[in-house]
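Take a look at the structure set out below.
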Amino acid sequence: MPATVGRRADRLAPVRRAARGFDRRTAVRLGIVAAAVYAAWIAIGEFGRPYNFFDMKIYHGAMVWWASGNELYDFIAPDTTLGFTYPPFGGLVMLPMAHLPVGVAGWLNALGSTAALAVVLAGLLRPVVDRIGQPLWFTVAVAVPLAVAIEPVRETLGYGQVNLLLFALVMADLIGLRWRSRRGTRYRRDDGPLRRFVFSGVWAGAGIGLATSIKLTPALFIVYLLITRQWRAAATAVGTAIGVTLGMFTLAGTESRAYFTRVLWQTERVGAADMTPNQSLAGLLARLYDSIETPGLLWLAFAVLMLALGLSRAANARADGDELTAFTLVGLTTNVISPISWTHHLVWVIPAIVVLADAALRRREASRGPMQRSGAASYGGPPGVNGLRPPIWYPTMTGFRHAAAAVLLYLLFLVSPIWPYEHQLPEVSHYADGLFGALMENSLALALIVLVAALPWRPGAEPAFYADRLGRPDLVARR
41 MPATVGRRAD
51 RLAPVRRAAR
61 GFDRRTAVRL
71 GIVAAAVYAA
81 WIAIGEFGRP
91 YNFFDMKIYH
101 GAMVWWASGN
111 ELYDFIAPDT
121 TLGFTYPPFG
131 GLVMLPMAHL
141 PVGVAGWLNA
151 LGSTAALAVV
161 LAGLLRPVVD
171 RIGQPLWFTV
181 AVAVPLAVAI
191 EPVRETLGYG
201 QVNLLLFALV
211 MADLIGLRWR
221 SRRGTRYRRD
231 DGPLRRFVFS
241 GVWAGAGIGL
251 ATSIKLTPAL
261 FIVYLLITRQ
271 WRAAATAVGT
281 AIGVTLGMFT
291 LAGTESRAYF
301 TRVLWQTERV
311 GAADMTPNQS
321 LAGLLARLYD
331 SIETPGLLWL
341 AFAVLMLALG
351 LSRAANARAD
361 GDELTAFTLV
371 GLTTNVISPI
381 SWTHHLVWVI
391 PAIVVLADAA
401 LRRREASRGP
411 MQRSGAASYG
421 GPPGVNGLRP
431 PIWYPTMTGF
441 RHAAAAVLLY
451 LLFLVSPIWP
461 YEHQLPEVSH
471 YADGLFGALM
481 ENSLALALIV
491 LVAALPWRPG
501 AEPAFYADRL
511 GRPDLVARR
């Protein structure tokens, strides 16, 4: 009997060791998550600005004004010249906040936006963590505080903006397109109708349509769907946007007519083009000309060029099987060509960082496998064959430039060097701090332009899209 007990104890020893190892790994991961949260908190305090839900106060005041029977677009916030600038459907979505204190509305928006960001990051990072073998919960738990710390996200949360919610609507369509291209592999025949509908992805395009109804700039994604011949998603987006807009003419005809005939064209309602937080091409040109207004013809010429460049690169990225990069390029192009792109609008740098980091990982993985097996991979065979040898840095430095670009892009939007060099005409020239100051004041806009022109895509990164385009569903099953 003692010997039997001893053998049983020995058989359980590996289980106990694995449990202890699991506990240690979990403890380490939780420690890393806590460190990321603490670092994000410190970074926001160091590089962020005082936040008091400034924009949310304007929205809240406008909703209280509208709920009291007044016309929505007649509202002007006290001590400002700012009013409500979103389409009427945006007002309808925000109307319930009229019954809440402004602070409660601000915190509910912050919590909802953070939750939306976490869901989006889970969708973006899922293919990456599945490939490298990391738990999704851990990766997302680290990524969320790191994302919250950068300029677009902390400004969105601190000012009470809606950019993360719109971002989530657009990215939901990316996930829907991914599911639809897999032809129902996400559900079983015995699943209920709701689950089958959700995972079929037939609704893809509705998110873009809703986002366009709340704010007009996501309409560029409809143009992208059209030029890439994603007819069903484009039709869904157009139908959703038109249906919602026509519905608002029925529910709020006075506000709808006022918006499309008057408010939409009053660009002065949102501020001067040269204001430092306007990091669009128009803002960049206005500051370079040291003028309150953007030089119109010059802006139009460069905007058309950036539009053509961004959409063509997005179409090529999708053709090579990378829909995420395609969506990212469209979002970045929207930021560049929009007359006003405040820093809290620039949330599309988040997937850009993910794309750069994943490109570095993919190049690293691709270099290590063949090299370790053959010793030369694509260099013509084993070392010495045909006189070809891999360089001494291979594969150690493979993917370094993409990793460095991801880190530098993150640090740029973390530190956000525009604010120490903020200037306001006519009191202070944008060249008051010399060429370096002008460069720093426009640094985020310049980064956006570089990303539109040079963001790499990852051929075959979305195998479902790639297989669907090639007519090879067997590639999906194998992947």
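Heads up, the sequence shown stops at 519 in this note's numbering, and the numbers go up one at a time, no gaps. Glycine included, each C-beta is placed from N, C-alpha and C at the ideal position.
Check                                                                                                                                                                          : Outcome
Write down every uninterrupted run of the alpha helix (DSSP H) in the stretch 295-338 whose length is 4 residues or greater and which is fully enclosed by it, in chain order. : 321-328
Kindly say whether Ala-494, judged by its beta-carbon, lies nearer than 8 Å to any beta-carbon of chain B.                                                                     : No chain B appears in the structure shown, which is made up of a single protein chain.
Can you check DSSP and say which residues form a bridge with Trp-382?                                                                                                          : Asn-318
With a floor of 4 residues, list each alpha helix (DSSP H) that falls wholly inside the stretch 134-187, ordered by position along the chain.                                  : 142-172
Identify whether Lys-97 lies in helix, strand or coil by the three-state DSSP scheme.                                                                                          : helix
How about Leu-250 and Val-370: are their beta carbons less than 8 Å apart?                                                                                                     : no
Starting from the Cα of Leu-451, find the closest Cα among Ala-246, Tyr-91 and Ala-187 and give me that residue.                                                               : Ala-187
Among the residues of its own chain, which have a CB less than 6 Å from the CB of Gln-201, if the five just before and after it don't count?                                   : Asp-95 and His-384
Measuring straight from C-alpha to C-alpha, what distance separates Tyr-329 and Val-73?                                                                                        : 45 Å
Is it right to say Glu-502 is buried, meaning 16 or more other beta carbons lie within 10 angstroms of its own, or is it exposed?                                              : buried
Tell me which residues share the same chain as His-442 and place their Cβ nearer than 7 Å to its Cβ, disregarding the 5 neighbours each side in the sequence.                  : Leu-396, Ala-399, Ala-400, Arg-403 and Pro-496
What would DSSP say about Leu-119, mapped onto helix, strand or coil?                                                                                                          : Correcting the residue type first, residue 119 is Asp in the shown sequence and not Leu. In the structure shown, Asp-119 sits in coil (DSSP, three-state: anything other than H, G, I, E or B).
Which same chain residues, not among the five before or five after Gly-500, have their C-beta less than 8 Å away from its C-beta?                                              : Asp-360, Gly-361, Asp-362 and Tyr-506
Can you tell me the Cα-Cα spacing of Ala-162 and Val-310, whole angstroms?                                                                                                     : 33 Å
Grab me the residues of Gly-198's own chain with a C-beta within less than 6 Å of its C-beta, minus the 5 sequence neighbours each way, in chain order.                        : Tyr-91
So, at 6 Å on beta carbons, what are the nonlocal neighbours of Leu-266 in its own chain, with the 5 sequence-adjacent residues on each side left out?                         : Ala-274
Are three or more beta carbon pairs between the stretch 204-211 and the stretch 233-248 nearer than 8 Å?                                                                       : yes
Give the secondary structure of Trp-243 by DSSP, where H, G and I count as helix, E and B as strand, and everything else as coil.                                              : coil
Using 8 Å for Cβ pairs, my map puts Pro-391 next to Leu-364. What's the rounded Cβ distance?                                                                                   : 6 Å
Taking the alpha-carbon of Met-288 as reference, which of Ala-80, Gly-130, Gly-109 and Val-104 has the nearest alpha-carbon?                                                   : Gly-130
Are Thr-196 and Ser-153 touching if we call contact CB-CB under 8 Å?                                                                                                           : yes
For Thr-257, which residues in the same chain have their Cβ closer than 6 Å to its Cβ, ignoring the five residues on either side in sequence?                                  : Thr-374 and Ser-378
Can you tell which of Ser-253, Phe-367 and Met-103 has its C-alpha closest to the C-alpha of Pro-136?                                                                          : Met-103
Classify His-463: buried if its beta carbon has 16 or more other beta carbons within 10 angstroms, exposed otherwise.                                                          : buried
Counting beta carbon pairs with one atom in the stretch 309-326 and one in the stretch 454-474, are three or more of them shorter than 8 Å?                                    : yes
When you compare only the Cα positions, how much space is there between Ala-444 and Thr-290?                                                                                   : 52 Å
Using CA coordinates, which residue listed in Gly-232, Leu-204 and Leu-234 is at the minimum distance from Ile-254?                                                            : Leu-204
With DSSP run on the structure shown, which of helix, strand or coil describes Arg-69?                                                                                         : helix
Could you pull out every residue in the same chain whose Cβ sits closer than 6 Å to the Cβ of Ile-215, ignoring the five residues on either side in sequence?                  : Gly-163
Taking its Cβ as the centre, do 16 or more other Cβ atoms sit within 10 Å of Val-344, making it buried, or is it exposed?                                                      : exposed
Can you list, in chain order, the residues of its chain with a C-beta nearer than 6 Å to that of Leu-324? Leave out the 5 residues immediately preceding and following it.     : Asn-482 and Ala-485
My assumption, with CB atoms under 8 Å, is that Leu-489 sits in contact with Val-394. Please give the rounded CB distance.                                                     : With the sequence shown as reference, residue 489 is identified as Ile, and Leu is not the correct amino acid for it. No, Ile-489 and Val-394 are not in contact; Cβ-Cβ is about 20 Å, not under 8 Å.
Among Pro-118, Arg-220, Val-387 and Phe-239, which one has its Cα closest to the Cα of Arg-272?                                                                                : Arg-220
Tell me the rounded alpha-carbon separation between Phe-476 and Phe-87.                                                                                                        : 19 Å
If you follow the alpha helix (DSSP H) that Trp-271 is part of, which residue opens it and which one closes it?                                                                : 271-291
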